[in-house]
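**Student:** With the UniProt record's numbering as the guide, the letters of the sequence shown map in order to residues 1 to 250.
After the structure tokens below, expect a handful of questions from me.
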Amino acid sequence: MDYLVCIDDTDMPGTKGTGWLVQDMCEHMEGIISNSSPISRHQLFVHKDIPYTSHNSSMCFEMNLVQNDLPSAINTIISFIKDRAMDGSDPGLCVARKSDVLANQALLDFGKAAKRRVLSKDLAYNLADKIGIHLSEHGGTGDGIIGAIAGVGLRLTGNDGRYRGWYHLGNPGTTLSVETFCKHPFIEQLVTESGEVLPKNLFVAIGSEKIKTVRKGSRQVVVVKEISKADEIQADLKYRTITSIEAKLY
Numbered sequence: 001m002d003y004l005v006c007i008d009d010t011d012m013p014g015t016k017g018t019g020w021l022v023q024d025m026c027e028h029m030e031g032i033i034s035n036s037s038p039i040s041r042h043q044l045f046v047h048k049d050i051p052y053t054s055h056n057s058s059m060c061f062e063m064n065l066v067q068n069d070l071p072s073a074i075n076t077i078i079s080f081i082k083d084r085a086m087d088g089s090d091p092g093l094c095v096a097r098k099s100d101v102l103a104n105q106a107l108l109d110f111g112k113a114a115k116r117r118v119l120s121k122d123l124a125y126n127l128a129d130k131i132g133i134h135l136s137e138h139g140g141t142g143d144g145i146i147g148a149i150a151g152v153g154l155r156l157t158g159n160d161g162r163y164r165g166w167y168h169l170g171n172p173g174t175t176l177s178v179e180t181f182c183k184h185p186f187i188e189q190l191v192t193e194s195g196e197v198l199p200k201n202l203f204v205a206i207g208s209e210k211i212k213t214v215r216k217g218s219r220q221v222v223v224v225k226e227i228s229k230a231d232e233i234q235a236d237l238k239y240r241t242i243t244s245i246e247a248k249l250y
């Protein structure tokens, strides 16, 4: 995928979140303007000085252009945001060519900082100007630009965020081989919390009816934990997938 796109702050209380807007937008553009990767959600700093709807997170994805016309693609994205963002929201958009920012430490550092402290629009714009990427605001205060550029940096780290969507692969306690898990196109690997990749012949128990994939090692993976007595899983196994509650930590 050639470009990174991140959008933040398009919703208001009681409305569908930014993730829904981004998903709809990707489907609207698919095969006509661009082809897109799965969307990752990146949790940002929660603080009284930062207005947010529910969780203060941004949505990022990667895209290839069908006709190699970036200005047209950006205009389509902006039009979609303006048409679909909720009144009172503060949308921001960031678009960067992946090859230009892949090793940009300042961008990665900005993303990590946005998880720990309050940042300003000036800092965001200064960084975008310095590294030459698109950053624009589309309503309200425009504070969404902070989360938008931060989301690009966090996706680039390869070890932040969880992907949109829940998957039902069996009831809690059901056992599947890693190879069977990885036959699903939305699962590249099963890994431990420390990032150890499990071999394909290992069997793992499902810890929750809802399977959530997260971003580790720049891959879409399922994280597993060691089984404890509290899990009440009868199978003689070492690992289970993380539960839906545990997945919310990512």
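Every residue, glycine too, gets a C-beta built ideally from N, C-alpha and C.
Since we're looking at a predicted model, the values are computed, not measured.
Quick one: Cα of residue 171 to Cα of residue 99, how far?
**Tutor:** So the alpha carbons of these two residues sit roughly 42 angstroms apart.
**Student:** Give the single residue among 160, 92, 32, 45 whose Cα lies nearest to the Cα of residue 68.
**Tutor:** If we check each option's Cα against that of residue 68, 32 comes out closest.
**Student:** Kindly give me the distance between the Cβ atoms of residue 161 and residue 239, rounded to whole angstroms, as I take these residues to be in contact under 8 angstroms.
**Tutor:** That belief does not hold up - the Cβ atoms of residue 161 and residue 239 are roughly 22 angstroms apart, past 8 angstroms.
**Student:** Please say whether residue 216 and residue 191 have beta carbons closer to each other than 9 angstroms?
**Tutor:** yes
**Student:** Decide if the region 134-152 is in contact with the region 112-119; the criterion is three or more beta carbon pairs, one per stretch, under 8 angstroms apart.
**Tutor:** yes
**Student:** Would DSSP call residue 177 helix, strand or coil?
**Tutor:** strand
**Student:** Just the Cα atoms here: how many angstroms apart are residue 47 and residue 118?
**Tutor:** Because residue 47 carries a pLDDT of 49, less than 50, the predicted location of this residue cannot be relied on, and the following value inherits that uncertainty. Their backbone Cα atoms lie some 8 angstroms apart in a straight line.
**Student:** Going by alpha carbons, who is nearest to residue 201 out of 6, 132, 180?
**Tutor:** 180
**Student:** Output the distance between the C-alpha atoms of residue 94 and residue 3, rounded to the nearest integer angstrom.
**Tutor:** 10 angstroms
**Student:** From this set, 224, 126, 205, which residue's C-alpha is nearest residue 233's C-alpha?
**Tutor:** 205
**Student:** From what residue to what residue does the beta strand (DSSP E) around residue 7 run?
**Tutor:** 3-8
**Student:** Excluding the 5 residues flanking residue 227 on each side, which residues of the same chain have their C-beta closer than 7 angstroms to its C-beta?
**Tutor:** 205, 233, 237, 238, 239, 240
**Student:** Where does residue 218 land, buried or exposed, given buried means 16+ other C-beta within 10 angstroms?
**Tutor:** Residue 218 is exposed by the Cβ-count criterion.
**Student:** Can you tell me where the beta strand (DSSP E) with residue 65 in it begins and where it stops?
**Tutor:** For residue 65, the enclosing beta strand (DSSP E) begins and ends at 57-65.
**Student:** Roughly how many angstroms separate the alpha carbons of residue 97 and residue 88, rounded to a whole number?
**Tutor:** 30 angstroms
**Student:** Based on DSSP bridge pairs, tell me the residues matched to residue 70.
**Tutor:** Bridge partners of residue 70: none, in fact.
**Student:** First and last residue of the alpha helix (DSSP H) that includes residue 22?
**Tutor:** 18-29
**Student:** According to DSSP, simplified to helix, strand and coil, what is residue 125?
**Tutor:** If DSSP states are grouped into helix, strand and coil, residue 125 belongs with the helices.
**Student:** Would residue 184 be called buried (16 or more neighbouring beta carbons within 10 Å of its own) or exposed?
**Tutor:** exposed
**Student:** Please classify residue 91 as buried or exposed, where buried requires at least 16 other C-beta atoms within 10 Å of its C-beta.
**Tutor:** buried
**Student:** Using a threshold of 9 angstroms, state whether the C-beta atoms of residue 6 and residue 155 are closer than that.
**Tutor:** Yes, the pair counts as a contact, with Cβ atoms nearer than the cut-off.
**Student:** Less than 8 angstroms between C-beta atoms, sequence neighbours within five positions excluded: which residues of the same chain meet that for residue 126?
**Tutor:** If the five residues before and after residue 126 are omitted, its C-beta is found closer than 8 angstroms to no C-beta atom of its own chain.
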